[in-house]
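The block underneath contains the structure these notes are about, expressed in structure tokens.
Protein chains: 2
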Amino acid sequence: MPRGDKRKAIMETAEKLFTSRRFHEITLDDIVEAAHIGKGTIYTYFKDKDDLFFQVALSGFDEMCDLLRRRVTEEAPFREQLLQACAAIHSFFSRRRQLSRMIQSEEARMPFSKGPLRDRWLEKRAQMVDALGQIMRKGQSEGAVRPDLPPEVLSAFMLALLRARARELGEGVDPVSDPTLVDFFLQGARDCKPSGIPN
Amino acid sequence: MPRGDKRKAIMETAEKLFTSRRFHEITLDDIVEAAHIGKGTIYTYFKDKDDLFFQVALSGFDEMCDLLRRRVTEEAPFREQLLQACAAIHSFFSRRRQLSRMIQSEEARMPFSKGPLRDRWLEKRAQMVDALGQIMRKGQSEGAVRPDLPPEVLSAFMLALLRARARELGEGVDPVSDPTLVDFFLQGARDCKPSGIPN
DNA sequence: GTATCAGTACCGACTGGTCGGTATTGGAAA
DNA sequence: TTTCCAATACCGACCAGTCGGTACTGATAC
Chain A
34 MPRGDKRKAI METAEKLFTS RRFHEITLDD IVEAAHIGKG TIYTYFKDKD DLFFQVALSG
94 FDEMCDLLRR RVTEEAPFRE QLLQACAAIH SFFSRRRQLS RMIQSEEARM PFSKGPLRDR
154 WLEKRAQMVD ALGQIMRKGQ SEGAVRPDLP PEVLSAFMLA LLRARARELG EGVDPVSDPT
214 LVDFFLQGAR DCKPSGIPN
Chain B
34 MPRGDKRKAI METAEKLFTS RRFHEITLDD IVEAAHIGKG TIYTYFKDKD DLFFQVALSG
94 FDEMCDLLRR RVTEEAPFRE QLLQACAAIH SFFSRRRQLS RMIQSEEARM PFSKGPLRDR
154 WLEKRAQMVD ALGQIMRKGQ SEGAVRPDLP PEVLSAFMLA LLRARARELG EGVDPVSDPT
214 LVDFFLQGAR DCKPSGIPN
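As given, the protein sequences belong to chains A and B, one line each in that order.
If you're matching positions, the first sequence starts at 34 in my numbering and goes up one per residue.
If you're matching positions, the second sequence starts at 34 in my numbering and goes up one per residue.
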């Protein structure tokens with residue numbers, strides 16, 4: 034094995050294991066054995082077990098964010114752009130379903146985490162919401178989306194729908210297509226009742 | 034402390050701790066100290082640490098399901114019923130935000146869990162989706178909701194929106210009201226384009 | 001009233017295994 | 001010779017779970 038690939042090998046193996054069982058159920062010896070590396074080698078690349086875990090989770094998160102942000106810069110009509118963003122997220126969700134779950138599980142308890150890793154995480158998350166938020170803003174300026182809801186809320190809703198669909202992915206339920214999902218969202222987010230519902 | 038309240042005391046303390054840090058970061062000694070009980074007492078009520086954890090999570094889940102199912106039996110117009118269901122879920126989310134996170138975090142990795150606890154969990158979840166699904170079916174039969182999406186998918190979407198909003202609860206962002214949320218959903222789920230979007 | 005006692009809740013010091021982390025070695029490659 | 005790393009031996013803190021014992025309760029008998 035060429036030098037420098039160690040880190041990658043460790044992370045890939047760790048990801049596979051961490052996504053299959055709980056943190057405390059995975060021993061470093063498990064990882065060492067599965068990755069065919071020496072135990073000490075882990076500590077040349079990672080501070081400790083916790084560091085390894087968060088770096089695995091973060092790298093997956095990174096990947097998804099970058100995927101998403103790349104779409105936003107592209108010039109395209111609003112609906113098209115949203116569709117592409119969804120496709121990006123969806124492809125990530127299905128390619129790396131376990132990791133998505135791990136991210137989600139970790140996100141659920143982020144408010145309690147501490148330290149610089151938490152900060153990097155929140156930063157990434159903000160980037161993601163912002164990327165989607167930009168698209169939403171565009172939709173609002175085009176008049177396709179109601180302007181009374183903040184773009185971040187709209188992003189959060191869109192992400193929530195995507196996540197809900199992703200959850201069903203492996204469970205035999207019919208897959209809802211991207212266009213169906215996006216149009217469900219767009220119809221709900223439409224600015225159609227100027228003086229309708231209170232609040 | 035009156036006799037017999039030990040079990041409750043243990044679960045309440047455990048919930049507080051388990052929702053604040055990760056499973057492996059909480060020792061039974063932590064719980065014992067915080068609950069002012071003897072360590073052995075835990076084992077008169079719970080099989081082991083894992084059992085305690087899942088019973089805590091399950092009891093919260095139970096609570097929410099019951100809250101929800103109680104609403105479904107009531108006779109009310111479709112939109113009203115949906116609003117009430119949302120109110121129920123919302124009240125649970127805000128009263129027990131930490132626990133919701135814990136449930137969510139655990140749900141994310143349910144596919145890997147094993148044993149009878151997992152089964153009870155899945156059963157509860159099915160009950161919840163079904164309760165909402167019943168409401169959706171009613172909406173479909175009234176023609177208020179598009180019939181091409183399965184009720185479970187609609188439930189999942191509704192739950193996803195609620196969860197998304199719950200996440201923002203403590204973060205300074207404006208709270209989206211129940212009617213706004215429900216109408217967002219209803220508008221998106223409306224059966225308005227009979228031959229519109231493909232799929 | 002009280003003596004006895006079975007059943008049970010409860011306690012907490014103790015233990016034995018586990019596992020994160022370190023130090024060492026020996027062999028391959030350069 | 002030096003560098004790198006897998007392999008391995010090792011350490012010791014940590015912690016889930018145990019177990020011997022105490023305290024309480026309520027029933028039965030006298």
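Each residue gets a CB set at the ideal place from its N, CA and C atoms; glycine is no exception.
Everything numeric in this text was worked out from a predicted model, so none of it was measured.
request  = Please report the Cβ distance between residue 64 of chain B and residue 46 of chain B, rounded to the nearest whole angstrom; I am assuming they are in contact, meaning their Cβ atoms lie under 8 Å.
outcome  = The C-beta separation of residue 64 of chain B from residue 46 of chain B comes to about 5 Å, placing the pair in contact by the 8 Å criterion.
task = Please list, in chain order, all residues of the same chain as residue 68 of chain B whose beta carbon is under 6 Å from its beta carbon, the five residues on each side excluded.
result = Once the five neighbours on either side are set aside, the close Cβ partners of residue 68 of chain B are 42, 43 and 46.
query = Roughly how many angstroms lie between the CA atoms of residue 104 of chain A and residue 173 of chain A, to the nearest whole one?
reply = Rounded to whole angstroms, residue 104 of chain A to residue 173 of chain A spans 18 Å at the Cα level.
query = Would you report the Cα separation of residue 74 of chain B and residue 220 of chain A, rounded to the nearest angstrom?
reply = Taking the CA atoms as reference points, residue 74 of chain B sits about 56 Å from residue 220 of chain A.
ask   = Do we get a CB-CB distance below 8 Å when we pair residue 50 of chain A with the residues of chain B?
value = Residue-level contact check: residue 50 of chain A does not touch chain B, since none of the beta carbons of chain B fall below 8 Å from its beta carbon.
task = Round the Cβ separation of residue 49 of chain B and residue 78 of chain B to the nearest angstrom and send it over; I've been treating them as touching at under 8 Å.
result = About 17 Å separates the two Cβ atoms, so there is no contact after all.
task = Compute the Euclidean distance between the alpha carbons of residue 110 of chain B and residue 100 of chain B, then round it to the nearest angstrom.
result = About 19 Å.
key: Cross-chain neighbours of residue 222 of chain B in chain A, by beta carbon under 9 Å   = The answer, in chain order, is 217, 220 and 221.
message = Three or more C-beta pairs under 8 Å: does that hold for the segment 183-193 of chain A against the segment 158-169 of chain A?
response = Flag = yes, the segment 183-193 of chain A and the segment 158-169 of chain A touch.
message = Using the Cβ count rule (16 or more neighbours within 10 Å means buried), how would you classify residue 176 of chain A?
response = The residue is exposed, with fewer than 16 neighbouring Cβ atoms inside 10 Å.
query = Tell me which same chain residues have a C-beta within less than 6 Å of the C-beta of residue 233 of chain A, skipping the five on either side of it?
reply = Limits of chain A in this structure are 34 at one end and 232 at the other, which puts residue 233 of chain A out of reach.
task = Just the C-alpha distance for residue 227 of chain A and residue 108 of chain A, rounded to the nearest angstrom, thanks.
result = Here residue 227 of chain A scores only 45 on pLDDT, less than 50, and its place in the model is too uncertain to base an answer on.
ask   = CB-CB under 8 Å to residue 84 of chain B, same chain, minus the five flanking residues each way: which ones, in chain order?
value = Sequence-distant partners of residue 84 of chain B (beyond 5 residues in either direction) whose C-beta falls short of 8 Å from its own C-beta, in its chain, are 150.
ask   = Would residue 190 of chain B pass as a contact of residue 132 of chain A if the rule is Cβ separation under 8 Å?
value = No.
query = Name the chain B residues whose beta carbon is nearer than 7 Å to that of residue 138 of chain A?
reply = Here the neighbours are 138, 141 and 142.
ask   = Taking Cβ positions only, does residue 57 of chain A come closer than 8 Å to chain B?
value = Under the Cβ criterion of 8 Å, residue 57 of chain A is counted among the residues facing chain B.
query = By Cβ distance below 8 Å, which residues in the same chain neighbour residue 153 of chain B in space, the five residues on each side in sequence not counted?
reply = So the list reads 91, once near-sequence residues are dropped.
query = residue 188 of chain B: buried (16+ other C-beta within 10 angstroms of its C-beta) or exposed?
reply = Result: buried.
ask   = So residue 129 of chain A and residue 71 of chain A are in contact, right, with Cβ under 8 Å, and what is the actual spacing, rounded?
value = The pair is not a contact, with the Cβ atoms about 28 Å apart (cut-off 8 Å).
Buried/exposed call for residue 225 of chain A, threshold 16 Cβ in 10 Å = So residue 225 of chain A counts as exposed.
query = Considering residue 196 of chain B, what are the terminal residues of the alpha helix (DSSP H) in which it resides?
reply = Taken as a continuous stretch (DSSP letters only), the alpha helix (DSSP H) holding residue 196 of chain B covers 184-201.
query = Roughly how many angstroms lie between the CA atoms of residue 137 of chain A and residue 192 of chain B, to the nearest whole one?
reply = Take the alpha-carbon of residue 137 of chain A and the one of residue 192 of chain B: they are about 16 Å apart.
message = If you follow the alpha helix (DSSP H) that residue 127 of chain B is in, where does it begin and where does it stop?
response = Residues 111-128.
ask   = Residues in its own chain within less than 7 Å of residue 229 of chain A by CB, not counting five upstream and five downstream?
value = In this prediction, residue 229 of chain A has a pLDDT of 43, which is less than 50 and means its spatial position is unreliable; nothing more can be read from the coordinates.
task = Check distances from the C-beta atoms of the segment 182-200 of chain B to those of chain A and list, in chain order, the residues that come in under 8 Å.
result = Correct list: 182, 183, 185, 186, 189, 190, 192, 193, 194, 196, 197, 198 and 200.
task = Go through its chain and collect everything with a Cβ distance to residue 87 of chain A's Cβ below 6 Å, but skip five positions before and after it.
result = Within the same chain, Cβ atoms closer than 6 Å to the Cβ of residue 87 of chain A are found at 150, the five residues on either side in sequence being excluded.
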